[in-house]
Amino acid sequence: MKNIHISLLAIFVLRGFAPSSAKEGLFCGIAKQDITPAQPVTLSGYENRTDVSKGIHDSLSVRVVVFQSDQDKLVLISTDVIGFYNGTADAIRTALLDTFKLKASELFLTAIHTHSGPDLFLDEAKGRTNNKVYTRFLQGRIIQTVEQALENREPICLGAGTGSSPLGANRREVSYDKAGNPRTWIGRNPSGVQDKEVQVMKIVHREKLKGILFDYACHSTSLGWDNYLVSGDVHGLAEQFIERYLGDNVVAPGFAGASGDVDPWYRVLPGFETKNGWIPESVLMGTMLGEEVVHVLRTIQSTVCEGEIRSQSVILDLPGKPEGVWESKEDYPKTPLAVTVARVGSVAFVGLGGEALSEIGIAIKAASPFDPTFIISHCNGAAGYLPPRHRYVERGYEIQSSPFASTAAEMVVKQAVHMLHQL
2 MKNIHISLLA
12 IFVLRGFAPS
22 SAKEGLFCGI
32 AKQDITPAQP
42 VTLSGYENRT
52 DVSKGIHDSL
62 SVRVVVFQSD
72 QDKLVLISTD
82 VIGFYNGTAD
92 AIRTALLDTF
102 KLKASELFLT
112 AIHTHSGPDL
122 FLDEAKGRTN
132 NKVYTRFLQG
142 RIIQTVEQAL
152 ENREPICLGA
162 GTGSSPLGAN
172 RREVSYDKAG
182 NPRTWIGRNP
192 SGVQDKEVQV
202 MKIVHREKLK
212 GILFDYACHS
222 TSLGWDNYLV
232 SGDVHGLAEQ
242 FIERYLGDNV
252 VAPGFAGASG
262 DVDPWYRVLP
272 GFETKNGWIP
282 ESVLMGTMLG
292 EEVVHVLRTI
302 QSTVCEGEIR
312 SQSVILDLPG
322 KPEGVWESKE
332 DYPKTPLAVT
342 VARVGSVAFV
352 GLGGEALSEI
362 GIAIKAASPF
372 DPTFIISHCN
382 GAAGYLPPRH
392 RYVERGYEIQ
402 SSPFASTAAE
412 MVVKQAVHML
422 HQL
């Protein structure tokens, strides 16, 4: 009978969160697993790229960080894919919530937004067979990685710091026709609004570095539609650089900040050029971001070993508009957007289920009572571009393709800040 009780407890610990009334302080588990596709798949991000992948440039991974303090917990999942589109966000979140008995607010299912990863499909009527097989594999691999992170829980201390990087640039470039009429298109606008902050959290166990989280507001679109090699692009290459450089099984989950209008300085390249010793720009930029993360890591001297974990989530029904037009109709249906906020001690996280433009992230961070506040796009949903109201008069791709009316962003900022203050 004693062995049966032990076995039941082991299952409970694996699939959920063990009772921690006897524990004190902050606990954390970290895990990483490979999610590189084994078969050719359609790559995501560009509609005019329809053929399947031709090989692997660098591997893809899922990285999981689980925080726990008493009965409160937070699960952060960083996945080297473009995002959980085609209804996959709800399906995979439901599987995770059910498996681990989580509240909706305790889960941040996120993507680094690489445009050189597999397109995700679970609907049998859509997508290539290899992509559907891959998506089912990915769901199982994410669950396995969360299980592993739970098993790895141990007392930890954490610290946070910030740096800066110029590798991204506002992409809403304005040109003029012969009559002097302006046109906003996707290019490079170095004087445009951009959040250059690099946010870093380090996690240590008995003074040994275990993990390093980082957040930077930039699309991972250095590679374009002519590239058919699987890659994590800028964020993924940064993760890989940090882990190789620090070694000792350190895991470095990356997150994409509010970057709907920010692309890498070198963008939409055809592939990885190496002629005559040329270093591919994608590798250079990923390394540059990774080096800044490590520089910030070295400046974080103080850590705390306890702190409250609190979280809230809401699905906002926001004013919508048809995609492909500039203006909305008053009677157009609402567009839902997931907003999830959490705190671990004095560090906060805001997850937005879409692609918020830079000014939205900047506004939330400026009004947040927590420093730092990590803004994470592509989190718990994939609703599309969320531009601030004053950008609608400029038009451009982000406005045209957005499913939100011009008043939606203000509502999101107010809601997120309100939720942060309630934490």
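Note that the numbering used here numbers the sequence shown so that position 102 is 103, with each residue one more than the last. Glycine included, C-beta positions come from ideal geometry on N, C-alpha and C.
{"Check": "Same chain, Cβ closer than 8 Å to Val284, five either side skipped, listed in chain order", "Outcome": "Leu238 and Phe273"}
{"Check": "Stretch pair the segment 202-211 + the segment 170-190: three plus CB contacts closer than 8 Å", "Outcome": "no"}
{"Check": "Bridge partners - Val342, DSSP secondary structure assignment", "Outcome": "Gln313 and Val351"}
{"Check": "Straight-line gap, Leu121 to Asp59 (C-alpha atoms, nearest Å)", "Outcome": "19 Å"}
{"Check": "Gln401: first and last residue of the uninterrupted alpha helix (DSSP H) it sits in", "Outcome": "Tyr398 to Ser402"}
{"Check": "Beta-carbon spacing of Gly325, Tyr333 below 8 Å", "Outcome": "no"}
{"Check": "Val414 in three-state terms, based on DSSP", "Outcome": "helix"}
{"Check": "Inter-residue Cα distance where the pair is Asn132 and Val42", "Outcome": "6 Å"}
{"Check": "Distance CB(Ile157)-CB(Leu27) smaller than 8 Å", "Outcome": "yes"}
{"Check": "Range of the contiguous beta strand (DSSP E) that encloses Tyr177", "Outcome": "Arg173 to Tyr177"}
{"Check": "Selection from Pro323, Ser79, Gly258 and Phe375 that minimises the alpha carbon distance to Ser407", "Outcome": "Pro323"}
{"Check": "Cut-off 6 Å between Cβ atoms - residues of its own chain near Ala253, not counting five sequence neighbours on either side", "Outcome": "Ile213, Glu240, Ile243 and Glu244"}
{"Check": "Residue span of the beta strand (DSSP E) that contains Asp216, given as start and end", "Outcome": "Lys209 to Tyr217"}
{"Check": "Span of the beta strand (DSSP E), counted from its first residue to its last, around Val205", "Outcome": "Glu198 to His206"}
{"Check": "Segment limits, beta strand (DSSP E) that includes Cys37", "Outcome": "First, the residue type needs correcting, since residue 37 is Thr and not Cys in the sequence shown. Run containing Thr37: none; DSSP gives neither H nor E here."}
{"Check": "Whole-angstrom distance between Lys211 and Asn228, CA atom to CA atom", "Outcome": "34 Å"}
{"Check": "Straight-line gap, Arg94 to Glu125 (C-alpha atoms, nearest Å)", "Outcome": "19 Å"}
{"Check": "Beta-carbon spacing of Lys335, Leu319 below 8 Å", "Outcome": "yes"}
{"Check": "7 Å Cβ shell around Tyr267 - same chain, five flanking residues per side excluded", "Outcome": "Ser223, Glu282 and Met286"}
{"Check": "According to DSSP, residues forming a beta bridge with Cys29", "Outcome": "Phe68 and Glu155"}
{"Check": "Range covered by the alpha helix (DSSP H) that runs through Gly291", "Outcome": "Glu282 to Thr300"}
{"Check": "Coarse secondary structure for Val1, derived from DSSP in three states", "Outcome": "Outside the shown range of the chain, which is 2 to 424, sits residue 1, and nothing can be said about it."}
{"Check": "Rounded separation between Ala417 and Val351 - CA only", "Outcome": "7 Å"}
{"Check": "Beta-carbon proximity of Tyr217 to Val199, cut-off 8 Å", "Outcome": "yes"}
{"Check": "CB contact flag (Asp234, Thr115, <8 Å)", "Outcome": "yes"}
{"Check": "Cβ-based neighbour list, Ala410, same chain, cut-off 7 Å, excluding 5 preceding and 5 following", "Outcome": "Ile361, Leu387, Pro388, Pro389 and Arg390"}
{"Check": "Enclosing beta strand (DSSP E) for Gly362 [first to last residue]", "Outcome": "No beta strand (DSSP E) holds Gly362; the alpha helix (DSSP H) holding it covers Ser359 to Ala368."}
{"Check": "Bridge-paired residues (DSSP) for Ile78", "Outcome": "Val65 and Leu110"}
{"Check": "Burial state of Ser432, where buried means 16 or more other Cβ atoms lie within 10 Å", "Outcome": "With the chain represented from 2 up to 424, any question about residue 432 goes unanswered, as that position is not in the structure."}
{"Check": "Nearest-angstrom Cα separation, counted from Glu331 out to Asn182", "Outcome": "28 Å"}
{"Check": "Neighbour-count burial assignment, His419, 16 or more Cβ in a 10 Å radius", "Outcome": "exposed"}
{"Check": "For Thr163, three-class secondary structure by DSSP", "Outcome": "strand"}
{"Check": "Per-residue burial, Arg299 [other beta carbons within 10 Å of its own, 16 or more giving buried]", "Outcome": "exposed"}
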